[in-house]
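Here's the structure, in structure tokens; my notes come after.
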Amino acid sequence: MQNRIFDHVVESLQDAVFLVRKPERHLHYANRAAVELFGYSRQELIGSSTELLHVDRAHYEAFHEMTAPVVMGEHKTFQGRFRMKRKSGEVFSSAHSVTLFADDDGQTYVVSVVRDISIEEQQAQRIQQSESLLSMIADNLREVIWVSNSDKTQVEYVSPAYEKHWGHRVDDLYADPMAIARVIHPDDRLHVGEQIVQQALEPHDVQYRIVRPDGEIRWIWDRTVPIRDDSGQVTRILGIAEDITDLKRHEAEMLHAQKMEAVGRLTGGIAHDFNNMLTVIMGNAEMLLQDLADRPDSQVLAQSLYKASQRAADLTSRLMAFARQQPVQRDRMEMNQLIEDLLQLLRQSLGEDIQIITRLADDTWAVAADRSQLEASLMNLVVNARDAMPQGGQLTISTRNVRRRGPPAPGKVSTQLPSQSADADPSTSTDWVEIQIQDTGTGITPDIIDKIFEPFFTTKGPGQGTGMGLSMVFGFVNDAGGHIEVDSTPGQGSTFRLHLTRHIEESDQPVRAEPESLPGTEHLLLVEDEALVRALLAVQLRDLGYQVSEAADGPEALRVFQAQPDIAMLVSDVIMPGGLSGPALASQLRTLHPNLPVLFISGHGAEAALANAGLPDDTPVLHKPFPIRDLTRKIRALLDQ
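Sequential numbering of the sequence shown, starting at 0, is according to numbering that gives the first Met the number 0.
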């Protein structure tokens, strides 16, 4: 009865069971699972050597050697994994358990229990591959992946990127999970603490700053999701933390650029209105100067009015340049005189604790540059020097002539001279005027000196600088075909050297004096929407002998032109109401009169409007405000072509 029960139990097992006789190791018994596992019939198995079940002779001998201690009675059992072979030749992985067994007659057998673990191994291998893949991904992501328990008192995993962004060791965080909270910027800790409570309830994200060990402040975007078990309980929190410092900076730059664009548009609009008013003031001042020629006392007042309008015109010109609504004008300038003119303003800007020293060479050549941009560049450099000397110091401004061969000296932060490329003829030389701004301030550290000309780069705190000063200087010098060199020593000060191309005179012949204004008798069509400006210009031109027909907008000008066939020239504002701009008006009139001379007058940038109208880039434009002599010279030159 017991034997039948034993046989029934063994036959019902899912694992293969063999009885092996000692010492020859022949199979004495095999259960049903053994037949199914190896594919042999019982008749084929019983009496056969166990070598039948092994991959080859080498595997059989290796298995024989490993299980020998059990067979010899030295050990009670052997458990291990081994490769076996089915009748079909298929090799599979198996788990073995080998023990000794003695029957009632004292005959000793080896009991071998075999289980197919191929599927388990495949699953384990897939799990291992998945873990390796996840580890590889986590190790190479810029983002930090982390896993903690539900209350964040224990960190279970942190990816290596943590060390790069936080500047702390991963092992330190495993040992002390609260270490990550201590590096949060003090101003953000309360906010982050309130957000952390929500992380264990629902997906959440929070942005905050951290302070690295080197003192650098970085922005972090931390996104989390709670991991729940089958019952819905939160068991872990998974997080992805990303360093978004560059993104924050780019956002700030974009906002600043948008703000600057809005300021530029507003500035351009204000400057346009001022230019119209200044045109009237300047024109009337000119007329008063002529009418008061026999009254010197009164003429002085008119002269003051005219000069004041010129200075105001220069101010609006700078505003227009700032708003990028006026083309760059490169004029001949005496550098020393320009610096002398700036000195009074510089002294007011720097304060009494900074001593200004000037060393201006007497023979300094003239340069060709946009005056307003050059003045703004020098002011930027001077203001930077002032900020580098908070306790006061010495600012030295010097000029000299430089005749240079070859590229600039090495070891300096510089912009390459356009005419001095690597393959340039070293025998050639270029004449430059050098303007040097030297301070005794804090200097520039080597780690940032290469960045100082980058747009928006600044070492000043929020609200203390836009980071555009030096980039504007760089842009001006580069547009002028010049060159910048910078020398700086921390604690000793900085020296900026601007090299601008020498202005070469076209002729040494004396320039003949030109008349204040040029008269004429031709019929002009004057189109200007600003009534005061139109009335003034009409009076001035009629006083010089011109016939003038007036129009307030484009449609009216078309009607006047069609009714006056003797009109010899169009003088028109660029942007006007009525749906027809000056360039569009000129295009229509030239279909009737192909050779009609055209002069545009504008209170703001006209280049875009001209381009959109398809007119040539060299179409003459006179920018308001202007003296009557400039207007009449332009008119006379166009009529006499």
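Ideal placement from N, C-alpha and C gives every residue a C-beta, glycine not left out.
Bear in mind that the values here come from a model prediction, so they are computed numbers and not experimental data.
Enumerate in chain order the residues of its own chain whose CB-to-CB distance from residue i is below 7 Å, with the five nearest sequence positions on each side excluded.
i	result
R82	V54, H58, V90, S92
Y39	K86
A284	A301, L304, Y305, S308
H164	V143, R217, D242
D507	Note on D507: pLDDT 36, under 50, position unreliable in the model; no value is reported.
R41	A29, V34
D565	H522
A101	T107
G392	I353, D438, T439, G440
Can you tell me whether residue i is helix, strand or coil according to DSSP?
i	result
E89	coil
V109	strand
Y305	helix
A365	strand
H54	It is Val, not His, that sits at residue 54 in the sequence shown. V54 falls in the coil class under three-state DSSP.
E549	strand
L579	coil
D290	helix
R114	strand
N275	helix
K84	strand
D103	coil
H74	coil
E35	helix
P625	Looking at the sequence itself, residue 625 is Phe, so the reference to Pro does not match. Reduced to three states, the DSSP call for F625 is coil.
T223	strand
Q488	Correcting the residue type first, residue 488 is Thr in the shown sequence and not Gln. Reduced to three states, the DSSP call for T488 is strand.
L200	coil
E252	helix
G442	coil
L535	helix
L359	strand
D330	strand
Given a cut-off of 9 Å on the beta-carbon distance, is the pair residue i and residue j in contact?
i	j	result
I353	M388	yes
L598	L637	yes
I183	Y207	yes
R329	A368	yes
L588	A550	no
H498	V381	no
V366	T500	yes
E433	R496	yes
R235	E119	no
D528	P582	no
T398	I443	no
S48	L26	yes
Q437	G492	yes
T631	L517	yes
V69	L99	yes
N383	L469	yes
V205	H190	yes
Kindly list the residues whose CB is nearer than 6 Å to the CB of residue i, restricted to its own chain and excluding five residues on each side of it in sequence; keep chain order.
i	result
L341	none
P624	N274, L277, T278, M281, A312
R80	A94
V472	S376, N379
P212	G166
F475	Q372, S376
N30	V9, E10, V16
L287	A301
Using a Cβ-Cβ cutoff of less than 8 Å, which residues in the same chain neighbour residue i once the five nearest sequence positions on both sides are dropped?
i	result
D14	A32, V112, V113, R114
G544	P518, G519, T520
A292	Q298
P22	V70
From the DSSP secondary-structure annotation, give me the bridge partner or partners of residue i.
i	result
A29	F17
S230	In the DSSP output, where bridge partners are listed per residue, S230 has none listed.
I436	I396, F495
G79	H95
S48	H25
W145	V157, G238
F599	S571, V620
T152	Beta-bridge pairing links T152 to no other residue.
L523	V547, M568
H482	H498
Say the cut is 8 Å; is the CB of residue i nearer than that to a heavy atom of the ligand ZN?
i	result
R24	Within the structure as shown, the ligand ZN is missing, as the structure has no ligands at all.
| said: Three or more C-beta pairs under 8 Å: does that hold for the region 445-453 against the region 473-493? | reply: They touch, by the three-pair rule.
| said: Between the region 198-205 and the region 154-174, can you find at least three pairs of beta-carbon atoms closer than 8 Å? | reply: no
| task | Evaluate the contact criterion for the region 519-529 versus the region 557-577: three or more CB pairs, one atom per stretch, below 8 Å. | result | yes
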